[in-house]
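J.: Here it is, the structure, as structure tokens.
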Amino acid sequence: MKVCVFEQVPYRYLPAGFNERHNSVVTTPYFDLVEPERMQESLQSGYAELLHASRAGFDGVCLTEHSQSVYDISPNPNLMGAALAYATRAEGLDVVLTILGRSLGKSREPLKVAEEYALLDCITGGRLIAGFPVGLSYDANQNGAIPGVETRERYQEHRELILKAWAERDPFAWNGRFEKYGQVNLWPRPIQQPHPPIWIPGSGSPGTMMDILRRDYAFVYLSWSGPKLVGHQIFDRYWEFAEKEGRDQNPYRLAFLQVVAVSETDARAEQEYGPHLEAHYRAGLGGIPPSGFAVPGYAERAGIEHMIRNPGDLGMLAKMRDITYKEIVDTQVAIVGSPATVADQIEQFVREFRIGNLLVMLQNGSMPRELTEKNISLFAEEVLPRLRPIWDEEGWEHHWWPRAAETPSTIASAAAGGEA
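Structure below.
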């Protein structure tokens, strides 16, 4: 299976009692809470940790986008992605760069997204995975000032435009509802043709799942509630829909995000990571007001009906602002412990739900760089070897992974003009 490190880039130095004095970690937090040197340190640590993960032997690194946010201060993941793309290529590291992604539902410059992704695919030598999220409601509708009722139609139009811009050999005109261009003719275009692998993040709504399956993209479930509470609901639904659509049971169709913290023993893991995990959820996902998840018009009618019928899909979301370490561990919101504890729990749910791509979040909230790099190293050295061969015996081909990462000597060399 494929295992990638997923990192949001939080501001790591929120003052004590932030949640009691501020009702949101997005859109409205006061900037006078920030110390400039510590902002720089938070950003620099994010770069360093992902480069450390690349050197440690993970299959890839993943970045995401949020604006006006304390818990993720990376408003354009392609900027950080470009630095990582160059650094990993220069060091000869055979890692995939996954951008999850540029939010097409809030964008007013879809061709800029297309150009930036193409640039990253070229820099990496054809190792980009292109993530196309709709975008969280607060980000698209409040920060981005996109009307809620336009968000998903805008997303669909932008995705179609980008894919056509990557594949068309001749200039073409585009006359859409939201975008109008007299001439579309991208420079550069992706090395991977007609396009890099497409991964679509989602929360498990039936409409999103069906769209992904019909187009044969990979589904990324960015779970913040872990597998224990939501796994059967989400993944049983997905595989049922896959069967209805005539798709095979290839586990590489699925990617799943899991927060993980590894130390020498279970007790030491609690001591080292417990306070940081509580802070991560309370001032991260738990610090987003409920209204920020669904501005009126953002969710489709079918999606709203589904949420009403299946409130369990939300897992621990309602409790995040006050969640305790015990609740985090007991519900597998985070998997924490010794290498054996962590590997046992991950292997069990990966096999049960047929997950072929695991995204592990190894930096959380206030966790300092030294502890994060320890977490990365321990996972790479003692957990990763247990996970890699899980699906080998079934012999599935990974159609949603860059070919250059599987055969670097041919494709990547050709992309670089014959130079390694």
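Each residue of the sequence shown is one higher than the one before, counting from 1376 in this note's numbering.
Even glycine gets a Cβ: it sits at the ideal position worked out from N, Cα and C.
Hey, quick one: how far does the beta strand (DSSP E) through residue 1576 stretch, first residue to last?
T.: Note, residue 1576: beta strand (DSSP E), 1573-1577.
J.: Is it the case that the segment 1641-1659 contacts the segment 1500-1509, given that we only count it when at least three CB pairs across the two stretches are under 8 angstroms?
T.: No, the segment 1500-1509 is not in contact with the segment 1641-1659.
J.: Do the segment 1755-1765 and the segment 1473-1482 touch if we need at least three Cβ pairs shorter than 8 angstroms?
T.: The answer is no - the segment 1473-1482 does not touch the segment 1755-1765, with fewer than three Cβ pairs under 8 angstroms.
J.: Can you tell me whether residue 1444 is helix, strand or coil according to DSSP?
T.: If DSSP states are grouped into helix, strand and coil, residue 1444 belongs with the strands.
J.: If you drop the 5 nearest sequence neighbours on each side, which residues of the same chain put their C-beta closer than 6 angstroms to that of residue 1463?
T.: Taken in chain order, the residues that qualify are 1429 and 1470.
J.: I'd like the list of long-range same chain contacts for residue 1657, defined as Cβ closer than 8 angstroms, with 5 residues on each side in sequence excluded.
T.: So the list reads 1394, 1695, 1696, 1697 and 1698, once near-sequence residues are dropped.
J.: Are three or more beta carbon pairs between the segment 1602-1621 and the segment 1712-1729 nearer than 8 angstroms?
T.: Yes, the segment 1602-1621 is in contact with the segment 1712-1729.
J.: Quick one, are the C-beta atoms of residue 1632 and residue 1578 less than 8 angstroms apart?
T.: Result no, Cβ atoms of residue 1632 and residue 1578 do not sit closer than 8 angstroms.
J.: Under 8 angstroms between the Cβ atoms of residue 1559 and residue 1540?
T.: Yes; because the gap between Cβ atoms is below 8 angstroms, this pair is in contact.
J.: Please classify residue 1386: does DSSP put it in a helix, a strand, or coil?
T.: If DSSP states are grouped into helix, strand and coil, residue 1386 belongs with coil.
J.: Sorted by chain position, which residues of the same chain lie with C-beta nearer than 7 angstroms to residue 1447's C-beta, five sequence neighbours on each side aside?
T.: Cβ neighbours of residue 1447 beyond the five flanking positions: 1383, 1384, 1385, 1439 and 1441.
J.: For residue 1752 and chain B, any beta-carbon pair shorter than 8 angstroms?
T.: Looking at the structure shown, chain B is missing, and only one protein chain is on hand.
J.: Does DSSP classify residue 1560 as helix, strand or coil?
T.: Coil.
J.: Does the distance from the C-beta atom of residue 1475 to that of residue 1508 stay below 8 angstroms?
T.: Cβ atoms of residue 1475 and residue 1508: closer than 8 angstroms.
J.: Which residues bound the alpha helix (DSSP H) around residue 1393?
T.: Note, residue 1393: alpha helix (DSSP H), 1393-1396.
J.: Along the alpha helix (DSSP H) that carries residue 1694, what are the first and last residues, could you check?
T.: No alpha helix (DSSP H) holds residue 1694; DSSP gives it neither H nor E.
J.: In whole angstroms, give me the CA-to-CA distance for residue 1406 and residue 1387.
T.: Taking the straight line joining both Cα atoms gives about 14 angstroms.
J.: Just mark residue 1461 as buried or exposed, buried being the case when its beta carbon has 16 or more other beta carbons within 10 Å.
T.: The residue is exposed, with fewer than 16 neighbouring Cβ atoms inside 10 Å.
J.: For residue 1792, count the other beta carbons within 10 Å of its own beta carbon; 16 or more makes it buried, fewer makes it exposed. Which is it?
T.: Unreliable placement is indicated for residue 1792, whose pLDDT of 40 sits below 50; no coordinate value is reported for it.
J.: Cα-Cα, which of 1634, 1392 and 1491 is closest to residue 1706?
T.: Of 1634, 1392 and 1491, the residue nearest in Cα terms is 1634.
J.: Report buried or exposed for residue 1651, applying the criterion of at least 16 other Cβ atoms within 10 angstroms of its Cβ.
T.: Burial call: buried.
J.: Among the candidates 1663, 1564 and 1745, whose CA atom is the shortest distance from the CA of residue 1494?
T.: Here the closest residue by C-alpha is 1564.
J.: Nearest to residue 1535 by CA position, among 1513, 1586 and 1523, is which residue?
T.: Ranking the options by Cα distance to residue 1535, first place goes to 1586.
J.: Going by the beta-carbon positions, is the gap between residue 1639 and residue 1713 smaller than 8 angstroms?
T.: Contact flag set, yes.
J.: Exposed or buried, residue 1775, counting other C-beta atoms within 10 Å across all chains shown (16 or more means buried)?
T.: Burial call: buried.
J.: Have a look at 1514, 1642, 1523 and 1381 and flag the residue whose alpha-carbon is nearest the alpha-carbon of residue 1425.
T.: Measuring from the Cα of residue 1425, the nearest candidate turns out to be 1381.
J.: For residue 1437, which beta-bridge partners are listed by DSSP?
T.: Answer is 1381 and 1473, bridged to residue 1437.
J.: On the DSSP bridge assignment, give the partners of residue 1630 in chain order.
T.: Per DSSP, 1595 and 1732.
J.: Just list the residues that DSSP pairs residue 1549 with in beta bridges.
T.: Beta-bridge pairing links residue 1549 to 1556.
J.: For the candidate residues 1710, 1452 and 1594, whose alpha-carbon lies nearest to that of residue 1436?
T.: Measuring from the Cα of residue 1436, the nearest candidate turns out to be 1452.
J.: Using 8 angstroms as the threshold, is the C-beta distance between residue 1596 and residue 1575 below it?
T.: Not a contact, by the Cβ cut-off of 8 angstroms.
J.: Going by DSSP, which residues form a beta bridge with residue 1401?
T.: 1444.
J.: What's the call for residue 1701, buried or exposed, on a 16-neighbour Cβ count within 10 Å?
T.: Its Cβ having fewer than 16 others within 10 Å, residue 1701 is exposed.
J.: Among the candidates 1571, 1519 and 1390, whose CA atom is the shortest distance from the CA of residue 1780?
T.: Answer by Cα proximity: 1571.
J.: Assuming residue 1798 contacts residue 1733 (C-beta within less than 8 angstroms), just tell me the rounded distance between them.
T.: Outside the displayed span of the chain (1376 to 1795) sits residue 1798, for which this structure offers no information.
J.: Report all residues from its chain with a CB closer than 6 angstroms to the CB of residue 1392; omit the five preceding and five following residues, and keep chain order.
T.: No residues qualify anywhere along the chain.
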